[in-house]
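Protein chains in written order, with the numbering used here: chain A, 337 to 522; chain B, 337 to 522. All residues carry an ideal CB built from backbone N, CA and C; glycine is no exception. Note that the coordinates shown come from a computational prediction; the quantities given were computed from them, not determined experimentally. The structure under discussion appears below in the form of structure tokens.
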DNA sequence: GTCTATACACCGATAGAC
DNA sequence: GTCTATCGGTGTATAGAC
């Protein structure tokens, strides 16, 4: 039940394994256990499906990170929680992370409105700006700082995923790498 | 003349704009100014073309970075030259960089032998290992350090590309971000 | 809403002349 | 080596019954 959801789940799995175009809608329908035509009842075109999946996962990521920002005092604490939350989410939802990765580095990204992308990263921008103003983060171009933050997060995530660490070790790596990042930015 | 080269160039341009699968071989041939069948004389299948293009660009990247390693004294100097060389190459060859980006984050990557990938990154690994041994770089897992190095390089590159800086400003950003990276790793 | 059946466009790859 | 012509397979999307 909830066939829409089943379609999204099957599409996610197959897209990550074979890529967007190498995955026919017929296979997605089969994997979801529904008829071919039913897919087009929920998503008028294949592109609509791909984009809906992207927006769906992106909003899950945001919801996850937003929760963690509450009730923290220092900027370092807030940023660290944001960092851990992002990494832990990605570790827990590897396939979703891989999809975002693939989507972001494909021409599909151009089909998403710029504002849509901006909305997702705005909370961190605010945090960083505040940090610069309070002289705890280095006075550098905000986009540059953001680039370093996201680049770091992204690559550490890939590092953790490939290594298959224990939960404890994972937590330690997240701690250690955050300290390194913090050292660089302050 | 050299139709093989023309095919690779046209493929590069179209792949980056539309993606691998959304680019038919017929369009590549048309863009290259050759007949449809001629493409398959040089590349038996479309996959062969994609992979040949990847290997071609990768070897260009390696040749570029290798030149810069010679005749340097300290590790910091060597690493900085490697860093600058990589970034300057990517800035100069945006389309090629975008292709590598797209390819690396696609299921195509699985079609490349692991050794092939390893060969490309080995020189940096050697450098980093030496740095750890000599106690100039922090004693951390080498893969973790490599992840931070490449993640940093990658994201700073995207930052520079989106900004459209002057040559001078570009050089300054490269300098500054390397110092930050160095600060983090040592 | 969901299914089956199918239209029809398109693309990768081949055949064969030159 | 390079071209033209074309085939066979496949994939998106629709039509229409239930």
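Are any of the Cβ atoms in chain A nearer than 7 Å to that of residue 355 (chain B)? yes
List the residues of chain A whose Cβ lies closer than 7 Å to the Cβ of residue 479 (chain B), in chain order. 495
Closer than 7 Å by C-beta to residue 340 (chain B): which residues in its own chain qualify, once you throw out the five before and the five after it? Chain order, please. 378
Can you find the residues in the same chain that come closer than 8 Å, C-beta to C-beta, to residue 522 (chain B), ignoring five residues on each side of it along the sequence? 472, 473, 474
How big is the Cα-Cα spacing for residue 485 (chain B) and residue 433 (chain A)? 21 Å
Does chain A have any CB closer than 7 Å to the CB of residue 516 (chain B)? yes
When the Cα atoms are used, what is the spatial distance from residue 371 (chain B) to residue 363 (chain B)? 10 Å
Given that residue 492 (chain B) touches chain A, what residues does it touch there, using C-beta distances under 8 Å? 480, 483, 484, 487
Is the Cβ-Cβ distance between residue 425 (chain B) and residue 441 (chain B) less than 7 Å? no
Could you name the residues of chain A that residue 442 (chain B) contacts, counting a contact when the two beta carbons are closer than 7 Å? 355, 438
From this set, A:520, A:443, A:479, which residue's C-alpha is nearest residue 355 (chain B)'s C-alpha? A:443
Closest Cα partner of residue 383 (chain A) within the set A:409, A:448, A:514, A:398: A:448
Please state whether the Cβ-Cβ distance between residue 411 (chain A) and residue 487 (chain A) is less than 7 Å. no
Please decide whether residue 520 (chain B) counts as near chain A, where near means a Cβ-Cβ distance under 7 Å. yes
Any idea if residue 453 (chain B) is buried or exposed, counting beta-carbon neighbours within 10 angstroms, 16 or more meaning buried? exposed
Rounding to the nearest angstrom, what Cα-Cα distance links residue 380 (chain A) and residue 431 (chain A) in this structure? 25 Å
Applying the 10 Å Cβ sphere with the 16-neighbour rule, what's the burial state of residue 457 (chain B)? exposed
Among residues of its own chain, excluding the 5 on either side of residue 439 (chain A), which ones have a beta-carbon nearer than 6 Å to its beta-carbon? 390
Whose C-alpha, out of A:508, A:462, A:497, A:478, is nearest the C-alpha of residue 476 (chain B)? A:508
Name the chain B residues that come within less than 8 Å of residue 358 (chain A), Cβ to Cβ? 357, 443
Where does residue 360 (chain A) fall in DSSP's three states? coil
What number of angstroms, rounded off, separates the C-alpha of residue 394 (chain A) from the C-alpha of residue 373 (chain A)? 27 Å
Enumerate in chain order the residues of its own chain whose CB-to-CB distance from residue 446 (chain A) is below 7 Å, with the five nearest sequence positions on each side excluded. none
With residue 495 (chain B) as the anchor, note down where its alpha helix (DSSP H) starts and where it stops. 478–499
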